[in-house]
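Offset between the sequence shown (1-based) and my numbering: plus 445. Idealized CB from N, CA, C, for every residue including glycine.
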Amino acid sequence: MPIENRDDAWQIDAAHQNGFFDGWPNPPSPKTHLALLQNSDCVVIAFDLDRDVVAGYVTAVTDHVLCACIPLLEVLPAYRRQGIGPNLFHRVLTLLDGFYMVDLQCDEHMQTFYENRGMHKSRGMMLRRYEYQSGHPSHGQSGPVTPTKNFTAPNPFPDPSTTANPPVT
Ligand SMILES: CC(C)(COP(=O)(O)OP(=O)(O)OC[C@H]1O[C@@H](n2cnc3c(N)ncnc32)[C@H](O)[C@@H]1OP(=O)(O)O)[C@@H](O)C(=O)NCCC(=O)NCCS
Numbered sequence: 446m447p448i449e450n451r452d453d454a455w456q457i458d459a460a461h462q463n464g465f466f467d468g469w470p471n472p473p474s475p476k477t478h479l480a481l482l483q484n485s486d487c488v489v490i491a492f493d494l495d496r497d498v499v500a501g502y503v504t505a506v507t508d509h510v511l512c513a514c515i516p517l518l519e520v521l522p523a524y525r526r527q528g529i530g531p532n533l534f535h536r537v538l539t540l541l542d543g544f545y546m547v548d549l550q551c552d553e554h555m556q557t558f559y560e561n562r563g564m565h566k567s568r569g570m571m572l573r574r575y576e577y578q579s580g581h582p583s584h585g586q587s588g589p590v591t592p593t594k595n596f597t598a599p600n601p602f603p604d605p606s607t608t609a610n611p612p613v614t
């Protein structure tokens, strides 16, 4: 089955994606899922061209300067064990090239996967508001904020000699 990596989440519609958030007791709806894809700074979608469905995706959110976070990576159960997850993760790390910090939270059994891709174990903290596991009613209503198509990692420390209009200090 031909799988294509895409970064045009704004061209997907909710009918293309079902079955994600496997095992979540109160999963976001396909519409809410689409809203979070479209509002992420950076998203890569593995799209099954034959069946016209999203087979997997990864999202990243950033401050556009130093820090990036990868909140979600998932491949539908029927598409697992074909290299799609590693491929998505490789692609998102490439898109985030230039960020000083790239962080994520994961279960212990996933740590080797991320270590094999250059990440290091660390201590972390988290908060989960389970009443909003499927999404807050007022979130994601305004549509995509920034198209991810032209997302490029910023250079936080540009060389002043190559900056056309250096800031006036
Ligand atoms: C984890 C996940 C994205 C892997 O995607 P996939 O396309 O099935 O990955 P593949 O099996 O083709 O890739 C093989 C690699 O993934 C690792 N892997 C796959 N499933 C894994 C699992 N359940 N636990 C730990 N590692 C796993 C393999 O060990 C292998 O790692 P290596 O290349 O470093 O040796 C997928 O199983 C998934 O969506 N799981 C549910 C959501 C989830 O746990 N996401 C991660 C959030 S931190």
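DSSP-derived helix/strand/coil call for residue i
| i | result |
| --- | --- |
| residue 451 | strand |
| residue 533 | helix |
| residue 545 | coil |
| residue 518 | strand |
| residue 558 | helix |
| residue 460 | helix |
Cβ neighbour criterion (16 or more within 10 Å) applied to residue i
| i | result |
| --- | --- |
| residue 576 | exposed |
| residue 447 | exposed |
| residue 545 | exposed |
| residue 510 | exposed |
| residue 470 | exposed |
| residue 582 | exposed |
| residue 484 | buried |
| residue 504 | buried |
| residue 454 | buried |
| residue 513 | buried |
| residue 603 | With a pLDDT of only 47 at residue 603, under 50, the local geometry of the prediction cannot be trusted, and the value read off the model is given with reservation. The residue in question, residue 603, is exposed, as its Cβ has fewer than 16 Cβ neighbours within 10 Å. |
| residue 522 | exposed |
| residue 572 | exposed |
Option nearest residue i by Cα separation, candidates the options
| i | options | result |
| --- | --- | --- |
| residue 500 | 510, 538, 542 and 519 | 519 |
| residue 508 | 455, 493 and 547 | 547 |
| residue 487 | 565, 527 and 516 | 516 |
| residue 461 | 470, 468, 477 and 469 | 477 |
| residue 586 | 492, 574, 514 and 481 | 481 |
| residue 490 | 506, 551, 530 and 549 | 530 |
| residue 562 | 573, 569, 580 and 537 | 537 |
| residue 550 | 533, 541 and 568 | 568 |
| residue 451 | 533, 573, 557 and 560 | 533 |
| residue 540 | 573, 459, 506 and 556 | 506 |
| residue 502 | 495, 449 and 553 | 449 |
| residue 493 | 467, 525 and 578 | 525 |
Any C-beta of chain C under 9 Å from that of residue i
| i | result |
| --- | --- |
| residue 532 | Absent from the structure: chain C. Only one protein chain is present. |
Go through the region 465–509 residue by residue and report every complete run of the beta strand (DSSP E) that reaches 3 residues or more, in order.
-> 487–493 and 498–507
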